[in-house]
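Chains A and G, in that order, give the protein sequences. Residue numbering for the first sequence is 61 to 292, as defined by this note's numbering. Residue numbering for the second sequence is 61 to 292, as defined by this note's numbering. Ideal placement from N, C-alpha and C gives every residue a C-beta, glycine not left out.
2 protein chains.
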Amino acid sequence: MKSNKSILLVEDDPNFGRILKDYLTINNYEVSLAVNGIEGFEKFNRSEFDLCILDIMMPFKDGLTLAREIREVNDAIPLIFLTAKNLKDDVLKGYKIGADDYLTKPFDSEILLAKIKSILNRKPNVNVEEKDVFEFDFGDFNFNSKLRILAHNKGESHKLSPKENQLLKMLVLNFDDLLPRDIALNKIWRDANYFTSRSMDVYIAKLRKYLEKDTSLKIINVHGEGFRLMQE
Amino acid sequence: MKSNKSILLVEDDPNFGRILKDYLTINNYEVSLAVNGIEGFEKFNRSEFDLCILDIMMPFKDGLTLAREIREVNDAIPLIFLTAKNLKDDVLKGYKIGADDYLTKPFDSEILLAKIKSILNRKPNVNVEEKDVFEFDFGDFNFNSKLRILAHNKGESHKLSPKENQLLKMLVLNFDDLLPRDIALNKIWRDANYFTSRSMDVYIAKLRKYLEKDTSLKIINVHGEGFRLMQE
DNA sequence: TAATACATTAACATTTCGTTAAGAAATTTT
DNA sequence: AAAATTTCTTAACGAAATGTTAATGTATTA
Chain A
61 MKSNKSILLV EDDPNFGRIL KDYLTINNYE VSLAVNGIEG FEKFNRSEFD LCILDIMMPF
121 KDGLTLAREI REVNDAIPLI FLTAKNLKDD VLKGYKIGAD DYLTKPFDSE ILLAKIKSIL
181 NRKPNVNVEE KDVFEFDFGD FNFNSKLRIL AHNKGESHKL SPKENQLLKM LVLNFDDLLP
241 RDIALNKIWR DANYFTSRSM DVYIAKLRKY LEKDTSLKII NVHGEGFRLM QE
Chain G
61 MKSNKSILLV EDDPNFGRIL KDYLTINNYE VSLAVNGIEG FEKFNRSEFD LCILDIMMPF
121 KDGLTLAREI REVNDAIPLI FLTAKNLKDD VLKGYKIGAD DYLTKPFDSE ILLAKIKSIL
181 NRKPNVNVEE KDVFEFDFGD FNFNSKLRIL AHNKGESHKL SPKENQLLKM LVLNFDDLLP
241 RDIALNKIWR DANYFTSRSM DVYIAKLRKY LEKDTSLKII NVHGEGFRLM QE
């Protein structure tokens, strides 16, 4: 029975890190401890984790930067931040990156445990089936979302910016179907409001410009709902 | 921005409740405020919410008891608890019931907002239950209510507005049967009065115009009752 | 036939979208 | 670390889509 969930703990204070690791281990989690953001990211890439607990204040690479890097690779894994008391800004930045929760040090270990359980219980591994496809052919294009390259059959290639890339990928994954605005906004911009919505429109316009080399492809708007990439 | 999420807020302090409700409303949530657990449970059962924020300390029926009742009916809806001081026991009880998060009063409103967004953005909790049917064939038409397209077999497609779309969907779901006026009004216009009724008439007229490409289809009026989509 | 309910068109108000451009912010190059 | 480049956000504004209401006429019922 390997039901033990594994946790990546990144904490620069060795004493505190050790104690916390032991506490979590006693409570049947498999814990990997890294002492800074750089080591944290290496460990993250080397194995699979169910949850990350990141101290925000760390030398070399802080927890927020690490979180951004992790999010680029994995947009689903739950993140919990540890922050010194009253650093509201850090907390909000954390949520903006896509944190699931935060705790202000010093915190109660039982509560951390409850949070971990709560977070892990509600996510029975959502993205299991979603094997990460990153190359697509549609219309006259070949699109590699890992290299962020959109190549036209008989034309030059185009490098895509991160946002262009994510948006196009979501459109392609929903080819001929609706990509709801809110879903794209919450996934790519991590917030759905007037401004992010305007920003998304700008990116739709950019993508339309790229795609117009194949006139059979269209990104059409469904008013009030979202966009649909289709071929006529 | 449409598709506002709705929140049930249960808080016995009327001043605080009012302020919090207003704050959330400004931030585009639809908030229903209840002043105690009893009223909270009634409201919960009367309509659909995306999230509940429950004060723990309340007269008559406290937040934890209310949460247990809610969980009996709905084991997925996110719950956030508000607790007065650091009443660790309450917090742990809350998580045991299946809370998603908690905040200790006084708390920062921006952080509450970030938490709400974080919880609501990991969406797949909500729509797991019923896969919505959204494609219909009737007469010479194919109707896709997700893309809001009404396509004629040998003719062009028609884009439908949200209200046209909802109304046609209700008619189709009641094909050959009566669609009562107030049912449609309450569902689509969220209110049944003289003006919404006139507006519905306008939309019935629009739909009739679309459907007249297939002369066998009719939307007939049942005087004083409603409408009936039928094929003769 | 009077009262009520329904049908249709058109004018208007509101919301959402598309696009360009300016300038922040981040990243890369020098 | 300064400069150049790329990426992203925000503003502005016109265009398009949507929704409401008024006005007027027609059908149904009592």
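* Asked: For G:P74, which residues from the same chain have a beta carbon less than 6 Å from its beta carbon, with the 5 sequence-adjacent residues on both sides left out?
  -> Closer than 6 Å at the Cβ level, and outside the excluded window around G:P74, lies no residue.
* **Residue range of the unbroken beta strand (DSSP E) whose run includes A:F201** => Residues F201 to N204.
* **Minimum Cβ-Cβ distance from A:T152 to chain G less than 8 Å** => Per the sequence presented here, residue 152 of chain A reads as Leu, with Thr not at that position. Judged by the 8 Å Cβ criterion, A:L152 is in contact with chain G.
* Are the region 169 to 178 of chain G and the region 91 to 109 of chain G in contact at 8 Å, needing three or more beta carbon pairs? -> No contact exists between the region 169 to 178 of chain G and the region 91 to 109 of chain G.
* Do the region 109 to 121 of chain A and the region 133 to 144 of chain A touch if we need at least three Cβ pairs shorter than 8 Å? -> They touch, by the three-pair rule.
* To do: Examine chain A for any beta-carbon lying closer than 8 Å to the beta-carbon of G:S205, and answer yes or no.
  => No, G:S205 does not count as interfacial toward chain A.
* **Residues bridged to A:R288 (per DSSP)** => A:R288 is bridged to A:L238 and A:I280.
* May I have the straight-line CA-CA distance separating A:T256 from A:W249, to the nearest angstrom? => Between A:T256 and A:W249, the C-alpha separation is close to 7 Å.
* Asked: Can at least three beta-carbon pairs, one atom from the region 75 to 87 of chain G and one from the region 232 to 242 of chain A, be found at a separation below 8 Å?
  -> No: the two stretches stay apart, fewer than three of their Cβ pairs being nearer than 8 Å.
* At a CB-CB cut-off below 7 Å, which residues of chain G make contact with A:I157? -> Against chain G, the beta carbon of A:I157 has no neighbour under 7 Å; the closest one sits roughly 10 Å away.
* To do: Check the Cβ-Cβ distances between G:E170 and every residue of chain A, and say whether any is below 8 Å.
  => True, the Cβ-Cβ gap to chain A drops below 8 Å.
* **Residues, ordered as in the chain, of the region 246 to 266 of chain A that lie near chain G by beta-carbon distance below 9 Å** => Residues of the region 246 to 266 of chain A with a C-beta less than 9 Å from any C-beta of chain G: N246, K247, R250, D251, A252, N253, Y254 and S257, listed in chain order.
* Asked: Which bits of chain G does A:V282 rub up against, with CB to CB less than 7 Å?
  -> Those within 7 Å of A:V282 in chain G are L207 and R208.
* To do: Would you tell me roughly how many angstroms separate the C-alpha atoms of A:S221 and A:D200, rounded to the nearest one?
  => Looking at the two C-alpha atoms, the distance is approximately 20 Å.
* Would you identify the three-state DSSP class for G:E129, choosing helix, strand or coil? => Note: G:E129 maps to helix in three-state DSSP.
* Asked: How would you list, in chain order, the residues of chain A whose beta-carbon sits under 8 Å from the beta-carbon of G:D160?
  -> For G:D160, the chain A residues whose Cβ falls inside 8 Å of its Cβ are S178 and R182, in order along the chain.
* Kindly indicate which residue of G:L289, G:E71, G:E216 and G:E285 has the alpha-carbon position closest to the one of G:K278. => Nearest option by C-alpha distance: G:L289.
* Asked: What are the start and end residues of the beta strand (DSSP E) that includes G:E90?
  -> Run containing G:E90: E90 to A94, per the beta strand (DSSP E) assignment.
* Asked: Does the beta-carbon distance from G:R131 to G:I157 come in below 8 Å?
  -> Annotated as proximal: G:R131 and G:I157, with beta-carbon spacing under 8 Å.
* To do: Determine whether the Cβ of A:L84 lies closer than 8 Å to any Cβ atom of chain G.
  => Chain G contact via Cβ: absent.
* Asked: By how many angstroms is the C-alpha of A:D110 removed from the C-alpha of A:T85?
  -> Straight-line measurement puts the Cα of A:D110 at about 14 Å from the Cα of A:T85.
* Listed by chain order, chain A residues near G:P166 by CB distance under 9 Å -> Within chain A, no residue comes near G:P166; the closest Cβ sits about 13 Å away, beyond 9 Å.
* Asked: Considering only residues of the same chain and omitting the five flanking positions on each side of G:L231, which have a CB-CB separation below 6 Å?
  -> Excluding residues within five positions, the ones whose Cβ falls inside 6 Å are L239 and L289.
* Per DSSP, G:V70 is paired with what? -> Beta-bridge pairing links G:V70 to G:A94 and G:L114.
* Answer with yes or no whether the minimum CB distance from G:A211 to chain A is below 8 Å. => Interface residue (Cβ-Cβ distance to chain A less than 8 Å): G:A211 is not classified as such.
* Secondary structure at A:A211, three-state DSSP: helix, strand or coil? -> Strand, per DSSP.
* Could you tell me the boundaries of the alpha helix (DSSP H) in which G:T256 lies? => Start and end: Y254 to L271.
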